[in-house]
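Engineer: Residue numbers (our numbering), protein chains in the order written: chain A, 63 to 402; chain B, 63 to 402. The C-beta atom is built at its ideal place from N, Cα and C for all residues, glycine as well. These numbers come from a predicted model, not from an experiment. Would you mind keeping the following structure in view while I ask a few things?
And the structure:
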């Protein structure tokens, strides 16, 4: 894109023009050449939106809940952008959520913006693209950003660092067989929501979730922060502070179709925001997420440098030697780096 | 570990002594300092075992099937090592499969070896540790290695490159809600198994799986190979050959508890082995998996070099600047690499 066009696009994006938001999202999603420059230039204008991550298994009525929650924020005078992340299977390339007709209530509302993202490629790439998309709508001035992901893999784990408040949606009667799978997802929740609460078994689901919470696992954010690679050798005790000791994820009941419990949910999200800011956890977590992002970008950059510098003939030779068991993989790496 | 002790341990491992296998697995699993040297030295003795990966959702009777399949191989005069991978939740640190009392039939059998791995830390780390553990039992001379993983995340996707033949286990009556989650797992199967086939609905499950297979998705191995980062710039058409065109994953019925269909399963695994070798796909896939391994090890090595070389004070400064929105993450990375 010529420089002047990009200037105009960014200017118009920062004014919140819908067409520019859509165009910029296309640039980000499709890895267009101007992506990095555009993201660098809008970055100073980000950090103002409150980002709500919503995840849960298929069948929990997640998308309906996103709709009514967005509507609630609209009624409260907030502008809302929704990014629905539709991870394609890493193998088939097929979308998991599939096409959806949705958001009818928000249709034509200038203060609401909806985008589905179905990025092909690695799950890591999808997380990256989602993160960048959030920055775009954040820079465009939306008060609330809702990121909706299907709870079926790694993507819902990565959401904790994109979202300020993470909701995990459950529903009664989904069966026990998925419990083992759900266990890991539950722990990323800042707020747990039992949707379809008008159904039989809702109270039982609430009790089950409370029981799981009482097992006293460390908070997901702490674990996420602890498990990611570090560059800073000195871990400041501040950054590693355990925020779970003071915020116990509440379990709320909603019925999206009957519009019940949704105002209470929005209030609880506000309470979580107040808590994060007042406790200082907001600052500490953000510093850590930035470190993780820098770390990942360094990895990606170094790798593309390496790809350019490593001898292709040596590499092909080394692979053949490993396959013949004449060389082991780690020694091969040392040879390649020595010849760089 | 002193050099002489490591020499003795490796010698004894290569003779297949059980205690040495167990000790070496502990070294590998716990990232002991002698791990890299030990793996490098046993590497020339690997590549002889046939590695069977078995994955599937909780409730499919996977572990029982692993037991009887191992027993079948023992009856056929093959030695068998089982590595049961028990991924801890990335958040809670708790094991997903939990403790299991198992393998009673194989207890006391000198030709069978069983190890549960419950590595903490990242899923990537678990995949790495599993891969290394397979090399240890391979070097120890076991004919068959069975790697069992729970189908609940990224681990079952990584198994395709550790295993020569991947089985995906299903069972009747697990409910439709997990279908979306199962979709991605199905595609990694070289052989699909409907276990608990004595239950109502088994034939329906078989038909459902066949229908999904007929959707004609590209093979999981091809997709895996295509999606992983490359170092070799020229992709040899050989390596990228589509093996799915000739091996259509069969769907078999078994009942582990009634010992039905298990001999047929072992025969089908043999047929898959014959196919891979005769077609030349074995060679091509292994070259690609080695490239992926070299690529990942290069990444890890470069990162630890970077961690040593990057200025800690500059890094801390940069993170603060990003948090204040005075610098964007990508420009920060360029600064860090320029100052390296």
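Would DSSP call residue 250 of chain B helix, strand or coil?
Structural biologist: Coil, per DSSP.
Engineer: What are the residues of the segment 346-377 of chain B that lie near chain A, defined by any Cβ-Cβ distance shorter than 7 Å?
Structural biologist: Taking 7 Å as the Cβ-Cβ cut-off against chain A, the residues of the segment 346-377 of chain B that qualify are 348, 349, 352, 353, 355, 356, 359, 360, 361, 363, 364, 365, 368, 369, 372, 374, 377.
Engineer: Work out the CA separation of residue 324 of chain A and residue 230 of chain A for me, nearest whole Å.
Structural biologist: Going by the C-alpha atoms only, they are around 14 Å apart.
Engineer: So who's on the other strand from residue 177 of chain A, going by DSSP bridges?
Structural biologist: Residue 177 of chain A pairs with A:145.
Engineer: Going by DSSP, what residue range makes up the beta strand (DSSP E) through residue 270 of chain A?
Structural biologist: No beta strand (DSSP E) contains residue 270 of chain A, which is instead part of the alpha helix (DSSP H) from 264-276.
Engineer: At a CB-CB cut-off below 8 Å, which residues of chain A make contact with residue 98 of chain B?
Structural biologist: The contacting residues are 392.
Engineer: Is residue 260 of chain B buried or exposed, if buried means 16 or more other CB atoms sit within 10 Å of its CB?
Structural biologist: With fewer than 16 Cβ atoms within 10 Å of its Cβ, residue 260 of chain B is classed as exposed.
Engineer: By Cβ distance, which residues of its chain are closer than 7 Å to residue 126 of chain A, with the 5 residues on each side in sequence left out?
Structural biologist: Closer than 7 Å at Cβ, skipping near neighbours: 318, 319.
Engineer: Do the segment 109-116 of chain A and the segment 193-206 of chain A meet, that is, are 3 or more Cβ pairs less than 8 Å apart?
Structural biologist: The segment 109-116 of chain A, when compared against the segment 193-206 of chain A, does touch it at the 8 Å Cβ threshold.
Engineer: Verify whether the separation of the beta carbon atoms of residue 236 of chain B and residue 311 of chain B is less than 7 Å.
Structural biologist: No.
Engineer: When you compare the segment 345-363 of chain B with the segment 345-354 of chain A, are there three or more beta-carbon pairs, one atom per stretch, that lie closer than 8 Å?
Structural biologist: Segments in contact, no.
Engineer: Tell me the rounded alpha-carbon separation between residue 322 of chain A and residue 96 of chain B.
Structural biologist: Roughly 60 Å between the two C-alpha positions.
Engineer: Taking C-alpha atoms, which residue in A:82, A:114, A:123 lies nearest to residue 411 of chain A?
Structural biologist: Beyond the ends of chain A as shown, which are 63 and 402, falls residue 411 of chain A; an answer cannot be given.
Engineer: Kindly list the residues whose CB is nearer than 7 Å to the CB of residue 140 of chain B, restricted to its own chain and excluding five residues on each side of it in sequence; keep chain order.
Structural biologist: Cβ neighbours of residue 140 of chain B beyond the five flanking positions: 205, 206.
Engineer: Apart from the five residues on each side of it in sequence, which residues of its chain come closer than 6 Å, Cβ to Cβ, to residue 86 of chain B?
Structural biologist: Closer than 6 Å at Cβ, skipping near neighbours: 75, 198.
Engineer: Assign residue 114 of chain A to one of two classes, buried (16 or more other C-beta atoms within 10 Å of its C-beta) or exposed (fewer than that).
Structural biologist: Result: buried.
Engineer: Would you verify that the beta carbon of residue 310 of chain B is, or is not, closer than 7 Å to some beta carbon of chain A?
Structural biologist: With 7 Å as the cut-off, residue 310 of chain B does not count as an interface residue toward chain A.
Engineer: Would you mind telling me which residues of chain A sit closer than 9 Å to residue 101 of chain B, beta carbon to beta carbon, in chain order?
Structural biologist: Ordered by position in chain A, the residues that pass the 9 Å Cβ test against residue 101 of chain B are 390, 391, 392.
Engineer: Chain A partners of residue 52 of chain B, CB-CB under 7 Å?
Structural biologist: Because chain B here runs from 63 to 402, residue 52 of chain B falls outside it and cannot be looked at.
Engineer: When DSSP labels each residue in this structure, what does residue 126 of chain A get in the three-state scheme?
Structural biologist: Helix.
Engineer: Please list the terminal residues of the continuous beta strand (DSSP E) segment that includes residue 232 of chain A.
Structural biologist: From DSSP, the beta strand (DSSP E) with residue 232 of chain A extends over 227-232.
Engineer: Are the beta-carbon atoms of residue 93 of chain A and residue 179 of chain A separated by less than 7 Å?
Structural biologist: Result no, Cβ atoms of residue 93 of chain A and residue 179 of chain A do not sit closer than 7 Å.
Engineer: Mapping DSSP to helix, strand and coil, what is residue 224 of chain A?
Structural biologist: Correct three-state label for residue 224 of chain A: helix.
Engineer: DSSP puts residue 315 of chain A in a beta bridge; with which residues?
Structural biologist: Partner(s): A:256.
Engineer: In three-state DSSP terms, what is residue 322 of chain A?
Structural biologist: Residue 322 of chain A: strand per DSSP, three-state reduction.
Engineer: Just confirm the distance between the C-beta atoms of residue 315 of chain B and residue 226 of chain B, as a whole number of angstroms; I'd bet it's less than 8 Å.
Structural biologist: Contact doesn't hold; Cβ gap of about 23 Å is too wide.
Engineer: For the putative contact between residue 144 of chain B and residue 221 of chain B, defined by C-beta atoms under 8 Å, what is the C-beta separation to the nearest angstrom?
Structural biologist: Going by Cβ atoms, the distance from residue 144 of chain B to residue 221 of chain B rounds to 14 Å, so no, they are not a contact pair.
Engineer: Output, in chain order, the set of chain A residues within a Cβ distance shorter than 7 Å of residue 173 of chain B.
Structural biologist: Going along chain A, no residue has its Cβ under 7 Å from residue 173 of chain B, so there is no contact; the nearest lies around 25 Å.
Engineer: When the Cα atoms are used, what is the spatial distance from residue 37 of chain B to residue 393 of chain B?
Structural biologist: In the structure as shown, chain B begins at 63 and stops at 402. Residue 37 of chain B is therefore absent and cannot be evaluated.
Engineer: By how many angstroms is the C-alpha of residue 250 of chain A removed from the C-alpha of residue 378 of chain B?
Structural biologist: The straight-line gap from Cα to Cα measures roughly 27 Å.
Engineer: In whole angstroms, what is the alpha-carbon distance linking residue 388 of chain B and residue 121 of chain B?
Structural biologist: Taking the straight line joining both Cα atoms gives about 52 Å.
Engineer: Going by Cα to Cα distance, which pick from A:224, A:372, A:397 is closest to residue 188 of chain A?
Structural biologist: Closest option to residue 188 of chain A, Cα to Cα, is A:224.
Engineer: What do you get for residue 163 of chain B, buried or exposed, if any count of 16 or more other CB atoms within 10 angstroms of its CB means buried?
Structural biologist: Any reading at residue 163 of chain B needs caution, since the residue's pLDDT is 43, under 50, leaving its predicted position unreliable; the model's value is listed next. By the 10 Å Cβ count, residue 163 of chain B comes out exposed.
Engineer: Measuring straight from C-alpha to C-alpha, what distance separates residue 370 of chain B and residue 363 of chain B?
Structural biologist: Cα-Cα distance, rounded: 11 Å.
Engineer: What are the boundary residues of the alpha helix (DSSP H) that residue 382 of chain A is part of?
Structural biologist: From DSSP, the alpha helix (DSSP H) with residue 382 of chain A extends over 374-385.
Engineer: Considering only residues of the same chain and omitting the five flanking positions on each side of residue 161 of chain B, which have a CB-CB separation below 6 Å?
Structural biologist: Reliability fails at residue 161 of chain B, whose pLDDT of 37 lies under 50, so the model's placement of it is uncertain and the value that follows must be treated cautiously. So no residue of the chain qualifies.
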